[in-house]
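Here is the structure we will look at, set down as structure tokens.
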Ligand code: SAM
Ligand code: SF4
């Protein structure tokens, strides 16, 4: 093939979006950078986790190579997660490497907040745009109990304060509501949003807990969370951004801060899902509720070209599971697929 022919293929390839058989297009890439974590949240981690061997975990160069390939196919947003992403050594280096990819517009991180106080500035300087901090209780003792680590609540709150002072483009709070554990704090979290002006996102408890304790009775539906908040603070739904996991509401009285409700279990937004995920050991996961995983690490380490990797990812994404919505419509039970700490959320 002539050089011109090759250039033509590369050019066409660049303009081809990453699309699945239902017409959904990938725009957001969630990368789990490690499965390791210093917390043991009871809805996420098994009691005795078995970590991936270090040799199985993708290097920063390998992660960036995949991100570049995806950016050429239309991905514009990257979220780093884990395990605890800030436990990965020199994570700021990865952020600055990803920042060099011209088509990537936003880089976000989801963190337990433990290392934020000392790391937030470095992360910001490396080019991090947005931070989501998981905070599952505003009661210190309960918080410690949920995350399985003593005396950490104040430290996480301090991390949140430092992040706020640094002025990231967006700071959000994630709270997983579990019936009988923290569902009595829904109004307290709504008040936190009002006081701080931050977006507090309530996440429905999913059956991806490492301990397999999940039962339908423990799930607090998003609708109930909204009703509870509205007993004191009426809400107004905002127009949902395409591909967003959350329905966002503002407070009707105009007081600052928003509420996000992530109804992955009761009213999921599968039809315009624009996410693709990768585990720390290089498995492409087109849908978190689907069992399919595609091992891109063996291509990366087996000398495959970018075009070969792109075709492999295209094939994986084309076959993306229709989504949890279809299970719900058919009254099928959603079951444990893989634990959240391996998936990255
Ligand atoms: N360690 C980081 C953290 O906790 O933010 C990032 C990884 S964590 C797996 C990503 C998100 O998944 C967090 O917001 C966490 O609260 C949420 N999560 C974990 N287990 C969950 C479950 N069983 N159901 C719903 N969300 C869960
Ligand atoms: Fe760690 Fe995050 Fe899972 Fe908690 S939710 S155990 S902080 S990975």
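Residue numbers (this note's numbering): 5 to 349.
Think of the CB as a built atom: it goes at the ideal place given N, C-alpha and C, for glycine as much as any other residue.
Quick caveat, the model's predicted, so the values are computed rather than measured.
ask   = Where residue 14 and residue 135 are concerned, what is the direct C-alpha to C-alpha distance, given to the nearest angstrom?
value = As a position in the chain shown, residue 14 is number 10, starting the count at 1. As a position in the chain shown, residue 135 is number 131, starting the count at 1. Legend: pLDDT at residue 14 = 44, less than 50; position of this residue unreliable, no value from coordinates given.
ask   = At a cut-off of 7 angstroms, is residue 138 close to ligand 1 when judged by its beta-carbon and the heavy atoms of the ligand?
value = Reading the chain shown from its first residue, position 134 is the one you call residue 138. Yes, since a heavy atom of ligand 1 falls inside the 7 angstroms radius drawn around the Cβ of residue 138.
query = Which residues in the same chain have their Cβ closer than 8 angstroms to the Cβ of residue 152, if we skip the five residues on either side of it in sequence?
reply = By one-based count along the chain shown, residue 152 stands at place 148. Excluding sequence neighbours, residue 152 sits near 43, 44, 45, 46 and 49.
key: Candidates 31, 35, 23 and 26, of which the one nearest residue 300 by Cα   = Walking along the chain shown from the start, residue 300 turns up at place 296. Per the Cα distances, 35.
task = In the DSSP assignment, find the unbroken alpha helix (DSSP H) run with residue 180 in it and report its ends.
result = The residue labelled residue 180 in the question sits at position 176 within the chain shown. Segment 174–181 is the beta strand (DSSP E) holding residue 180; no alpha helix (DSSP H) there.
key: Within 8 angstroms, strictly: CB atoms of residue 37 and residue 86   = On the chain shown, residue 37 is found 33 positions in, with the first residue counted as 1. On the chain shown, residue 86 is found 82 positions in, with the first residue counted as 1. Their beta carbons are under 8 angstroms apart, which means residue 37 touches residue 86 by this criterion.
query = Say the cut is 7 angstroms; is the CB of residue 69 nearer than that to a heavy atom of ligand 2?
reply = By one-based count along the chain shown, residue 69 stands at place 65. Checking every heavy atom of ligand 2 against the Cβ of residue 69, none is found closer than 7 angstroms.
query = Does DSSP put residue 23 in a helix, a strand or coil?
reply = Walking along the chain shown from the start, residue 23 turns up at place 19. In this structure, residue 23 counts as strand in the three-state DSSP scheme.
message = When you measure from the CB of residue 213 to every non-hydrogen atom of ligand 1, does any distance come out below 7 angstroms?
response = Within the chain shown, residue 213 is the residue found at index 209, counting from 1. The answer is yes for residue 213.
key: Rounded C-alpha distance that separates residue 306 from residue 102   = Along the chain shown, one-based indexing puts residue 306 at 302. Along the chain shown, one-based indexing puts residue 102 at 98. Taking the straight line joining both Cα atoms gives about 23 angstroms.
ask   = Around ligand 2, which residues pass a check of Cβ closer than 7 angstroms to any of its heavy atoms?
value = 41, 43, 44, 45, 48, 49, 86, 87, 88, 116, 138, 151, 344 and 345
CA-to-CA distance, residue 310 to residue 66, given in whole angstroms = The residue given as residue 66 occupies position 62 in the chain shown. The residue given as residue 310 occupies position 306 in the chain shown. Spanning the two alpha carbons is a distance of roughly 11 angstroms.
Pairwise C-alpha distance: residue 29 and residue 281 = Here residue 281 refers to the residue found at position 277 when the chain shown is read from its first residue. Here residue 29 refers to the residue found at position 25 when the chain shown is read from its first residue. Approximately 13 angstroms between the Cα atoms of the pair.
message = Looking only at its chain, what residues have a beta carbon closer than 6 angstroms to the beta carbon of residue 249, apart from the 5 residues adjacent to it on each side?
response = Start at 1 with the first residue of the chain shown, and residue 249 comes out as number 245. The answer, listed in chain order, is 266.
task = Find the nearest neighbour of residue 218 within the set 232, 196 and 181, judged by alpha-carbon distance.
result = Numbered from its first residue, the chain shown carries residue 218 at position 214. Nearest option by C-alpha distance: 181.
key: Cβ-based burial, residue 83 [other Cβ within 10 Å; buried from 16]   = Start at 1 with the first residue of the chain shown, and residue 83 comes out as number 79. The residue is buried, with at least 16 neighbouring Cβ atoms inside 10 Å.
message = Quick check on this structure: which residue in 234, 243 and 191 has the alpha carbon closest to the alpha carbon of residue 140?
response = Within the chain shown, numbered from 1, the residue matching residue 140 stands at position 136. Selected option, being the one with the closest Cα: 191.
Own chain partners of residue 56 with C-beta closer than 7 angstroms, once the 5 adjacent residues on each side are dropped = Here the question's residue 56 lines up with position 52 in the chain shown. Closer than 7 angstroms at the Cβ level, and outside the excluded window around residue 56, lie 39, 284 and 285.
message = Taking a contact to mean a Cβ-Cβ separation below 8 angstroms, would you say residue 197 touches residue 263 in this structure?
response = Translated into positions along the chain shown, residue 197 becomes position 193. Translated into positions along the chain shown, residue 263 becomes position 259. Their beta carbons are under 8 angstroms apart, which means residue 197 touches residue 263 by this criterion.
query = In whole angstroms, what separates the C-alpha of residue 185 from that of residue 150?
reply = The residue labelled residue 185 in the question sits at position 181 within the chain shown. The residue labelled residue 150 in the question sits at position 146 within the chain shown. Each residue's alpha carbon lies about 9 angstroms from the other.
query = Ordered along the chain, which non-local residues of its own chain (more than five positions away) have a Cβ less than 8 angstroms from that of residue 314?
reply = Along the chain shown, read from residue 1 onward, the residue named residue 314 stands at position 310. Here the set comprises 17, 73, 76 and 77.
query = Fully enclosed by the stretch 19–90, which alpha helix (DSSP H) runs are 4 residues long or longer?
reply = 64–76
task = Taking only heavy atoms of ligand 3 into account, decide whether any of them is closer than 7 angstroms to the Cβ of residue 180.
result = Looking for ligand 3 in the displayed structure turns up nothing; the ligands present are ligand 1 and ligand 2.
request  = Give me the Cα-Cα distance between residue 170 and residue 127, rounded to the nearest whole angstrom.
outcome  = Here the question's residue 170 lines up with position 166 in the chain shown. Here the question's residue 127 lines up with position 123 in the chain shown. Approximately 10 angstroms, taken between the alpha carbons.
task = Tell me, please, which residues DSSP counts as bridged to residue 255.
result = Along the chain shown, one-based indexing puts residue 255 at 251. 239.
query = Would you report the Cα separation of residue 290 and residue 199, rounded to the nearest angstrom?
reply = Against the chain shown, residue 290 aligns to sequence position 286. Against the chain shown, residue 199 aligns to sequence position 195. Going by the C-alpha atoms only, they are around 37 angstroms apart.
key: Those residues which DSSP pairs with residue 134 across a bridge   = Numbered from 1 along the chain shown, position 130 holds the residue referred to as residue 134. For residue 134, which the question treats as bridged, DSSP gives the partners 112 and 174.
request  = For the beta strand (DSSP E) containing residue 283, list its first residue and its last residue.
outcome  = As a working note, residue 283 is residue 279 in the chain shown. Residue 283 -> no beta strand (DSSP E), and no H or E assigned at all.
ask   = Roughly how many angstroms lie between the CA atoms of residue 341 and residue 238, to the nearest whole one?
value = Reading the chain shown from its first residue, position 337 is the one you call residue 341. Reading the chain shown from its first residue, position 234 is the one you call residue 238. Whole-angstrom Cα-Cα distance: 36 angstroms.
inquiry  = With distance defined between alpha-carbon atoms, name the residue in 105, 123 and 209 nearest to residue 221.
reply    = Residue mapping note: residue 221 aligns to position 217 of the chain shown, counting from 1. Taking only the C-alpha atoms, the option nearest residue 221 is 209.
For residue 298: DSSP bridge partner residues = Position 294 of the chain shown, counting from 1, holds the residue named residue 298. Answer is 288.
request  = Tell me, please, which residues DSSP counts as bridged to residue 223.
outcome  = Here residue 223 refers to the residue found at position 219 when the chain shown is read from its first residue. BP columns for residue 223 point to 182.
ask   = Whole-angstrom Cβ separation of residue 116 and residue 88, contact assumed at under 8 angstroms?
value = Residue 116 sits at position 112 when you count from the first residue of the chain shown. Residue 88 sits at position 84 when you count from the first residue of the chain shown. That belief holds up - the Cβ atoms of residue 116 and residue 88 are roughly 5 angstroms apart, short of 8 angstroms.
ask   = Just reading off the beta strand (DSSP E) that residue 203 is part of, what are its end residues?
value = Here residue 203 is taken as the residue at index 199 of the chain shown, counted from 1. That run of the beta strand (DSSP E) goes 203–208.
ask   = How many Å lie between residue 324 and residue 147 at the Cα?
value = Here residue 324 refers to the residue found at position 320 when the chain shown is read from its first residue. Here residue 147 refers to the residue found at position 143 when the chain shown is read from its first residue. Approximately 36 angstroms, taken between the alpha carbons.
message = Considering only DSSP beta bridges, list what residue 317 is partnered with.
response = Your numbering for residue 317 matches position 313 in the chain shown. DSSP, once it has assigned bridges, lists no residue as partnering residue 317.
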